[in-house]
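Chemist: This structure is in structure tokens; I'll ask about it shortly.
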Amino acid sequence: MRFKDNVAIVTGAASGMGLLAAECYAREGAKVVLTDIKREAVEAAAESIRRTGGEAVGIQVDVRVFDQVQNAAETALKCYGRIDILVNFAGGAEGRMLKCSAPFHEMPIDVIDWGLDVNLKGAVYFCRAVLGTMMKQKRGVIINLGSVTGIEGGGPGSVNYSAAKSGLIGLTKSMALCGAPYGVRSCCVSPGPVLTRTAMANMKTRLGRAAEPKEIIDLILYLSSDQAAFITGTNYVIDGGRSCGGMD
Ligand SMILES: NC(=O)c1ccc[n+]([C@@H]2O[C@H](COP(=O)([O-])OP(=O)(O)OC[C@H]3O[C@@H](n4cnc5c(N)ncnc54)[C@H](O)[C@@H]3O)[C@@H](O)[C@H]2O)c1
């Protein structure tokens, strides 16, 4: 019960790692605000947490729209009175998410915008919406989901994804600097391939496999808990050794 009496906002919580994190926070005592662009799925996820005895609310939020982001922060305060944790999961590689196979130099501008807006601007918006509350509380943790692609660079379908994920490392350091005098921490977690999709098994790592989602969530839970009270402003690569180099 590391998160008893804590309130956690999780973006991209309708599926994959965001959904698993929301379930894990709830299981460890947090009240969870699940947000995602997919309304039915995020409401169903919150309902499923409530059915198993947890406290959760699901809200449709497009992270590219600041009013919706602000509304999620206000809903957290209205329902639960505080915001202790924000985890920015919403994202994905633009080529895959928008089913666009054009290489970067021919990529439509709306696909480029999607890659930057969802992966970077959405996280900036959510930080903007919660930081003041965390500073007032003198307590809070922001976790941003980077990617090994933000360190290695991205292929033709994930140039903007890579740029955005690199940007999250800067955002994390800035949040750490802004938040430190107020007891607010921020960390970035940059995974290699994770089996939220079977195709990720094809991406090579030194350890010869992709991560189970729970392996990433365990690190995130640790970093957002009081056990990690002296950790802020740093990026955690969790990639089975992929970024050591020499992988094709
Ligand atoms: N799976 C991997 O191998 C891997 C590796 C490194 C980093 N990551 C990062 O981890 C995060 C979660 O990945 P996942 O594999 O669980 O993906 P996922 O596709 O299961 O989850 C992403 C969620 O973001 C939501 N989303 C998309 N656009 C949105 C928007 N505009 N507003 C709000 N929500 C929106 C989707 O609906 C989805 O529920 C992503 O940021 C991803 O880039 C994943």
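First residue of the sequence shown? That's 164 in our numbering, and the numbers climb one at a time after it. Ideal Cβ placement from N, Cα and C applies to all residues, glycine included. Computed from a prediction, not measured in an experiment: that's the story for all the values here.
1. Leaving out five residues on either side along the sequence, give the residues of the same chain with a beta carbon under 8 angstroms from the beta carbon of Thr296.
2. Just checking Asp225 against ligand 1 - is the residue's beta carbon closer than 7 angstroms to any of the ligand's heavy atoms?
3. Can Gly285 be considered in contact with ligand 1, in the sense that its beta carbon sits closer than 7 angstroms to one or more heavy atoms?
4. Tell me which same chain residues have a C-beta within less than 7 angstroms of the C-beta of Tyr385, skipping the five on either side of it?
5. For ligand 1, is there a heavy atom less than 7 angstroms away from the beta-carbon of Val322?
6. Should Leu308 be counted as a contact of ligand 1 given a C-beta to heavy atom distance under 7 angstroms?
7. State the start and end residues of the unbroken beta strand (DSSP E) segment that holds Arg348.
8. Applying the 10 Å Cβ sphere with the 16-neighbour rule, what's the burial state of Asp280?
9. Confirm, please, whether the CB-CB distance from Gly330 to Leu283 is below 8 angstroms.
10. Taking 7 angstroms as the line, does the beta carbon of Gly199 fall inside it for any heavy atom of ligand 1?
11. To the nearest angstrom, how far is it from the Cα of Gly192 to the Cα of Ser387?
12. Enumerate in chain order the residues of its own chain whose CB-to-CB distance from Thr359 is below 7 angstroms, with the five nearest sequence positions on each side excluded.
13. What residue ranges within the stretch 272 to 359 form continuous beta strand (DSSP E) runs of no fewer than 3 residues, ordered along the chain?
14. For Gly309, which residues in the same chain have their Cβ closer than 7 angstroms to its Cβ, ignoring the five residues on either side in sequence?
15. Hey, how far is the Cα of Gly371 from the Cα of Cys187?
16. Cα-Cα, which of Met366, Phe166, Leu249 and Arg213 is closest to Thr457?
17. Assuming contact is defined by CB atoms lying nearer than 8 angstroms, are Arg348 and Ala339 in contact in what I supplied?
18. Between the beta-carbon of Asn169 and the beta-carbon of Asn251, is there less than 8 angstroms?
19. In whole angstroms, what is the alpha-carbon distance linking Phe289 and Ala343?
Modeler: Inspection of the coordinates gives the following:
1. Your numbering for residue 296 matches position 133 in the sequence shown. Sequence-distant partners of Thr296 (beyond 5 residues in either direction) whose C-beta falls short of 8 angstroms from its own C-beta, in its chain, are Ala236, Leu240, Arg245, Ile246 and Gly303.
2. Here residue 225 refers to the residue found at position 62 of the sequence shown. Under cutoff, so the answer is yes.
3. For this step, residue 285 is matched to residue 122 along the sequence shown. Correct: Gly285 has its Cβ closer than 7 angstroms to ligand 1.
4. Here residue 385 corresponds to residue number 222 of the sequence shown, with the count starting at 1. Contacts found: Ala391.
5. Position 159 of the sequence shown, counting from 1, holds the residue named residue 322. Within 7 angstroms of the C-beta of Val322 there is not a single heavy atom belonging to ligand 1.
6. Within the sequence shown, numbered from 1, the residue matching residue 308 stands at position 145. Leu308: yes, Cβ under 7 angstroms from ligand 1.
7. As a position in the sequence shown, residue 348 is number 185, starting the count at 1. DSSP places Arg348 in the uninterrupted beta strand (DSSP E) bounded by Val347 to Pro354.
8. On the sequence shown, residue 280 is found 117 positions in, with the first residue counted as 1. Under this definition Asp280 is a buried residue.
9. The residue labelled residue 283 in the question sits at position 120 within the sequence shown. The residue labelled residue 330 in the question sits at position 167 within the sequence shown. In this structure, Leu283 places its C-beta atom within 8 angstroms of the C-beta atom of Gly330.
10. Sequence index remark: in the sequence shown, residue 199 carries index 36 (1-based). The residue asked about is misnamed: residue 199 is Asp in this sequence, not Gly. Under cutoff, so the answer is yes.
11. As a working note, residue 192 is residue 29 in the sequence shown. As a working note, residue 387 is residue 224 in the sequence shown. The C-alpha of Gly192 lies about 13 angstroms from the C-alpha of Ser387.
12. The count along the sequence shown starts at 1 and reaches residue 359 at position 196. Contacts found: Gly179, Met180 and Pro376.
13. Taken in chain order, the complete beta strand (DSSP E) segments of 3 residues or longer contained in the stretch 272 to 359 are 303 to 308 and 347 to 354.
14. For this step, residue 309 is matched to residue 146 along the sequence shown. Correct list, in chain order: Lys328, Leu331, Ile332, Cys351, Val352, Ser353 and Asn398.
15. Stepping through the sequence shown from its first residue, residue 371 is reached at position 208. Stepping through the sequence shown from its first residue, residue 187 is reached at position 24. Rounded to whole angstroms, Gly371 to Cys187 spans 27 angstroms at the Cα level.
16. Examination of residue 457 is not possible in this model, given that the chain is present from 164 through 411 alone.
17. Counted from its first residue, the sequence shown places residue 348 at position 185. Counted from its first residue, the sequence shown places residue 339 at position 176. In this structure, Ala339 lies closer than 8 angstroms to Arg348 by Cβ.
18. Position 6 of the sequence shown, counted from the first residue, corresponds to residue 169. Position 88 of the sequence shown, counted from the first residue, corresponds to residue 251. Against a cut-off of 8 angstroms, the Cβ pair of Asn251 and Asn169 comes out as no contact.
19. Taking the first residue of the sequence shown as position 1, residue 289 is located at position 126. Taking the first residue of the sequence shown as position 1, residue 343 is located at position 180. About 18 angstroms.
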